[in-house]
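Asks: Mind looking over this structure? Questions follow.
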Amino acid sequence: MENEATQKKKLSKKKKIFIAVIAVLIIVLIILLFIIIKKKHTDKNIPTLTIVTPAKQSISAKENFTVDVELSDLGDVLYPAASLSIVFDSSHLEFMGIEEGNVMTLGDERADGSSYQLPDWSVDVKRSNEIGQINVMYLDLTGGKYAFSKDCLDEDDSLLMRLSFRLRGSAKAGDVYDLTFADAAFAASDESKSLASIKNTLKTENGKVVVKE
């Protein structure tokens with residue numbers, strides 16, 4: 003009888019331990035799920051710069067091709083300065099320059115009542131190819147009159163710029179060349195309101211160039 007009672011106690015103890023372990027695992031899973039959902043929700047609210055991977059390029063094509071850089075959002079302040087640094091494989095890709103996007107800055111009011119204008123980006127094409135890094139800058143010397151603003155954005159106007167490339171003679175079919183953000187920022191007069199990839203207040207998503215097999 004004692005053995006039976008002892009065995010029942012042992013089984014009951016094991017059962018309690020098993021239930022406790024399951025309960026702890028459920029709590030851990032709930033916490034992890036909450037963190038993941040919260041992170042996704044937070045990420046959606048963070049302005050994002052995206053290098054959009056273009057269609058596969060043909061090795062036989064001699065024409066330039068473009069890579070879109072898109073901006074999802076901005077904060078509720080003015081950004082009189084912006085900079086992007088994008089690393090690329092300059093031994094296989096030649097950077098040809100920047101083409102206009104459709105994201106505008108504030109500007110002078112014109113006869114048609116519009117007061118937006120396209121930003122004048124500054125970039126050294128020759129230096130970019132020498133170092134394999136595209137350093138692009140925009141600076142509004144007035145400190146706000148020609149700044150980037152959330153008011154200049156809408157769902158259909160997210161193209162910040164187009165990067166123009168061509169495949170070099172060293173490119174091979176099947177190759178994949180990464181296009182990677184080294185740094186990106188939209189500077190505000192109040193530094194605490196600035197957006198920067200290094201501070202995780204500006205999210206960046208990299209792209210690539212794929213050569214057809």
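The sequence shown lines up with residues 3 to 215 when you count with this note's numbering.
The beta-carbon is built from N, C-alpha and C at its ideal position, and this holds for glycine as well.
These numbers come from a predicted model, not from an experiment.
(1) Given that a residue counts as buried once 16 or more other Cβ atoms are within 10 Å of its Cβ, and exposed if not, what is Thr144?
(2) If you reduce the DSSP assignment to three classes, tell me which class Leu31 lands in.
(3) Based on Cα-Cα distance, which residue from Ser199, Arg170 and Leu204 lies nearest to Ala63?
(4) Hey, could you find the ends of the beta strand (DSSP E) Arg129 is sitting in?
(5) Where do the N-terminal and C-terminal ends of the beta strand (DSSP E) with Glu102 fall, by residue?
(6) Are the segment 188–201 and the segment 55–62 touching, with three or more C-beta to C-beta distances below 8 Å?
(7) By the DSSP assignment, the beta strand (DSSP E) with Met163 in it spans what residues?
(8) Quick check: what's the CA-CA separation for Ala186 versus Val30?
(9) Tell me which residues share the same chain as Val79 and place their Cβ nearer than 6 Å to its Cβ, disregarding the 5 neighbours each side in the sequence.
(10) Return the chain-ordered list of same chain residues with a C-beta closer than 6 Å to the C-beta of Val138, the five sequence neighbours on each side being excluded.
(11) Smallest Cα separation from Val213: which of Ser117, Pro82 and Ser172?
(12) Using alpha carbons as the reference points, say which of Gln135, Phe183, Arg164 and Lys210 lies closest to Ile200.
(13) Specify, as a first and last residue, the run of the beta strand (DSSP E) that Ser85 falls within.
(14) With 16 other CB atoms within 10 Å as the buried threshold, where does Ser130 fall?
(15) In the structure shown, what three-state DSSP assignment does Val138 receive?
(16) Relative to the C-alpha of Tyr148, which residue among Val127, Ala84, Gly77 and Glu207 is closest?
(17) With 16 other CB atoms within 10 Å as the buried threshold, where does Lys205 fall?
(18) Straight-line CA distance for Asn1 to Tyr81?
Replies: In short:
(1) exposed
(2) helix
(3) Arg170
(4) Element bounds for Arg129: not the beta strand (DSSP E) but the alpha helix (DSSP H), Val127 to Ile133.
(5) Leu95 to Glu102
(6) no
(7) Leu161 to Leu169
(8) 36 Å
(9) Ala190 and Lys195
(10) Leu86, Trp123 and Val125
(11) Ser172
(12) Phe183
(13) Ala83 to Val89
(14) buried
(15) strand
(16) Ala84
(17) buried
(18) For the chain, the structure presents residues 3 to 215; residue 1 sits outside this window and is missing.
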